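A.B. asks:
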Amino acid sequence: MGKSSKDKRDIFYRKAKEEGWRARSAYKLLQIDEAFNIFSGVQHAVDLCAAPGSWSQVLSRKLYLPAVRMGNPSPPTIVAVDLQPMAPIEGVIQLQGDITSEVTAKQVISHFHGRPADLVVCDGAPDVTGLHDLDEYVQAQLLLAALSIVCAVLRPGGTFVAKIFRGKDVVLLYSQLKMLFPEVYVAKPKSSRNSSVEAFVVCRRFDPPAGLAGPGGLQALLAGAQDRYLNDGDREAQLLVARAVPFLSCGDLSIGDADRTYDLDPETYVPLEPVQPPTAPNYKTAISMAKAGQQGRS
Ligand code: SAM
Numbered sequence: 001m002g003k004s005s006k007d008k009r010d011i012f013y014r015k016a017k018e019e020g021w022r023a024r025s026a027y028k029l030l031q032i033d034e035a036f037n038i039f040s041g042v043q044h045a046v047d048l049c050a051a052p053g054s055w056s057q058v059l060s061r062k063l064y065l066p067a068v069r070m071g072n073p074s075p076p077t078i079v080a081v082d083l084q085p086m087a088p089i090e091g092v093i094q095l096q097g098d099i100t101s102e103v104t105a106k107q108v109i110s111h112f113h114g115r116p117a118d119l120v121v122c123d124g125a126p127d128v129t130g131l132h133d134l135d136e137y138v139q140a141q142l143l144l145a146a147l148s149i150v151c152a153v154l155r156p157g158g159t160f161v162a163k164i165f166r167g168k169d170v171v172l173l174y175s176q177l178k179m180l181f182p183e184v185y186v187a188k189p190k191s192s193r194n195s196s197v198e199a200f201v202v203c204r205r206f207d208p209p210a211g212l213a214g215p216g217g218l219q220a221l222l223a224g225a226q227d228r229y230l231n232d233g234d235r236e237a238q239l240l241v242a243r244a245v246p247f248l249s250c251g252d253l254s255i256g257d258a259d260r261t262y263d264l265d266p267e268t269y270v271p272l273e274p275v276q277p278p279t280a281p282n283y284k285t286a287i288s289m290a291k292a293g294q295q296g297r298s
């Protein structure tokens, strides 16, 4: 596919390059903020599953850089984690690691020096297989791993934003989140294509129940919700949970429609390179394996 055809098909992809964002996902977080004002008063933030880094750029531009410009001697701390390496971003501490591992959770916590975070965001996505049930399950597991980190770093009253796939078991996730946050919303930013099952939970006023901090506390809480979901078979109760999670479409259409193709003006169109090429793309691994004669071997 030529550069211009992707620019034509995806107005947010094109706009991201024009405005210096590493990925079009930046607009999703910006549009969530327009609706929920998630950055207000944030001093410490965590970006889970952050590569290539457009959400971290948003955090840097919204929190860190304005504080530095105003001469604030202790600007907000932003910690970003991903399996993949990321090119540096001003004001963002970067960790390479797996958010499902305890070691990574401890590393994140260590950067806050005992001060809790006000905001945790997670745009994590596993490699999608196309098998919807499996993809939804793996996505939910990633979110539960993010919740362990949330429980360790988020201050009571804090906010958690995370990507979900709205599949058939999404009500279970809602009921698990509702046990930790009295306010849970589902947001669908206009920059997220309607054709995609992706949406974002915006969870506010973190209110950890007693016993959560103890060993296995979170797992017990989540398993309790799961047992009720699986065993009750009470669809009425599940519908009540689903109804208690308001759905909000956010962002206006001033930039454009993510599902539309726009013609490019041949007079004025200038192709732009991506803001940040991948630091460790899979094709590089494949090439080095091919050179070493290892391709196809286990
Ligand atoms: N928010 C990012 C941005 O704006 O640039 C895009 C995130 S991308 C959609 C999903 C990321 O999740 C990938 O970079 C992937 O490496 C990361 N990821 C998936 N599973 C992970 C895990 N277990 N631990 C850490 N990162 C993970």
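Residue numbers (UniProt numbering): 1 to 298. Quick reminder that beta carbons are idealized off the backbone N, C-alpha and C, glycines included. Quantities reported herein were computed from a predicted structural model and do not represent experimental measurements.
Do you know whose CA, among Cys122, Leu221, Ala210 and Glu273, lies nearest Ala199's CA?
C.D. replies: Ranking Cys122, Leu221, Ala210 and Glu273 by Cα distance to Ala199 puts Cys122 first.
A.B. asks: The ligand SAM heavy atoms versus the CB of Cys250: any closer than 7 Å?
C.D. replies: Answer for Cys250: no, Cβ out of range of the ligand SAM.
A.B. asks: Within 10 Å of its beta-carbon, does Asp47 have 16 or more other beta-carbons around it, so buried, or fewer, so exposed?
C.D. replies: The residue is buried, with at least 16 neighbouring Cβ atoms inside 10 Å.
A.B. asks: Using 8 Å as the Cβ pair cut-off and three pairs as the minimum, do the segment 175 to 185 and the segment 53 to 65 touch?
C.D. replies: Not touching, per the Cβ criterion.
A.B. asks: Quick one: is Ala292 buried, meaning 16 or more other Cβ sit within 10 Å of its Cβ, or exposed?
C.D. replies: Ala292 comes out exposed.
A.B. asks: Is the beta carbon of Val120 closer than 8 Å to that of Leu154?
C.D. replies: Contact: yes.
A.B. asks: Starting from Tyr185, follow its DSSP beta bridges and name the residues at the other end.
C.D. replies: BP columns for Tyr185 point to Val202.
A.B. asks: Can we count Gly53 as close to the ligand SAM, meaning its CB is less than 7 Å from some heavy atom?
C.D. replies: Yes, the ligand SAM has a heavy atom inside 7 Å of this Cβ.
A.B. asks: How should Ser195 be labelled, buried or exposed, when 16 other C-beta atoms within 10 angstroms of its C-beta is the threshold for buried?
C.D. replies: Exposed is the call here.
A.B. asks: So the candidates are Gln57, Gly71, Thr100 and Asn72; which of them puts its Cα closest to the Cα of Val79?
C.D. replies: Of Gln57, Gly71, Thr100 and Asn72, the residue nearest in Cα terms is Gln57.
A.B. asks: Pick helix, strand or coil for Cys250, following the three-state DSSP scheme.
C.D. replies: Strand, per DSSP.
A.B. asks: Can you tell me whether Val241 is buried or exposed, with buried defined as 16 or more other CB within 10 angstroms of its CB?
C.D. replies: The residue in question, Val241, is buried, as its Cβ has 16 or more Cβ neighbours within 10 Å.
A.B. asks: Measure the Cβ-Cβ separation of Gln276 and Gly53 and say whether it is below 8 Å.
C.D. replies: Yes; because the gap between Cβ atoms is below 8 Å, this pair is in contact.
A.B. asks: Can you tell which of Leu59, His44 and Gln94 has the C-alpha that lies nearest to the C-alpha of Leu29?
C.D. replies: When only C-alpha atoms are compared, the closest one is Leu59.
A.B. asks: What does a CB cutoff of less than 6 Å around Ala187 pick up in its chain, not counting 5 residues either side in sequence?
C.D. replies: Cβ neighbours of Ala187 beyond the five flanking positions: Ile32, Phe200, Val202, Leu248 and Cys250.
A.B. asks: If you draw a straight line from the C-alpha of Ala51 to the C-alpha of Leu264, how long is it?
C.D. replies: Roughly 29 Å separates the two Cα atoms.
A.B. asks: Taking CB distances under 8 Å as the criterion, tell me whether Gly217 reaches chain D.
C.D. replies: Absence of chain D from the displayed structure is noted, only one protein chain being present.
A.B. asks: What does the Cβ neighbour count give for Met86, buried or exposed, with the cut at 16 atoms within 10 Å?
C.D. replies: The residue is buried, with at least 16 neighbouring Cβ atoms inside 10 Å.
A.B. asks: Could you spell out where the beta strand (DSSP E) holding Arg115 opens and where it closes?
C.D. replies: Premise fails: Arg115 is in no beta strand (DSSP E) and is neither H nor E.
A.B. asks: Tell me the DSSP secondary structure of Ala80 in three-state form.
C.D. replies: DSSP places Ala80 in strand when its eight states are reduced to three.
A.B. asks: Please report the Cβ distance between Gly167 and His132, rounded to the nearest whole angstrom; I am assuming they are in contact, meaning their Cβ atoms lie under 8 Å.
C.D. replies: Rounded, the Cβ-Cβ distance is 6 Å, consistent with contact.
A.B. asks: Looking only at its chain, what residues have a beta carbon closer than 7 Å to the beta carbon of Arg204, apart from the 5 residues adjacent to it on each side?
C.D. replies: Same-chain partners within the cutoff: Thr159, Phe181 and Glu183.
A.B. asks: Opposite Ala45 in the DSSP bridges: which residues?
C.D. replies: For Ala45, which the question treats as bridged, DSSP gives the partners Ile78 and Leu119.
A.B. asks: Can you name the residues that DSSP bridges to residue 306?
C.D. replies: This structure gives no information on residue 306, because the portion of the chain shown stretches from 1 to 298.
A.B. asks: In whole angstroms, give me the CA-to-CA distance for Leu142 and Gly124.
C.D. replies: In a straight line, the C-alpha of Leu142 is about 7 Å away from that of Gly124.
A.B. asks: Enumerate in chain order the residues of its own chain whose CB-to-CB distance from Ser298 is below 6 Å, with the five nearest sequence positions on each side excluded.
C.D. replies: Below a pLDDT of 50, predicted positions are generally treated as unreliable, and Ser298, at 47, falls in that range; no measurement from the model is reported.
A.B. asks: Please report the Cβ distance between Tyr175 and Tyr27, rounded to the nearest whole angstrom; I am assuming they are in contact, meaning their Cβ atoms lie under 8 Å.
C.D. replies: It is worth fixing the name first, because residue 175 is Ser in this sequence and not Tyr. About 30 Å; that fails the 8 Å criterion.
A.B. asks: DSSP state of Ile93, grouped into three classes?
C.D. replies: Three-state DSSP puts Ile93 in a strand.
A.B. asks: Got a sec: does the ligand SAM put a non-hydrogen atom nearer than 7 Å to the Cβ of Ile149?
C.D. replies: No, the Cβ of Ile149 stays beyond 7 Å of every heavy atom of the ligand SAM.
A.B. asks: Buried or exposed, going by whether 16 or more other CB atoms sit within 10 Å of the CB of Tyr229?
C.D. replies: Buried, since its Cβ has 16 or more Cβ neighbours within 10 Å.
A.B. asks: Cβ atoms of Val81 and Gly97: under 8 Å apart, would you say?
C.D. replies: Yes; because the gap between Cβ atoms is below 8 Å, this pair is in contact.
A.B. asks: Distance check for Gln238 and Thr279, CA to CA, integer angstroms please.
C.D. replies: Straight-line Cα distance between these residues: approximately 43 Å.
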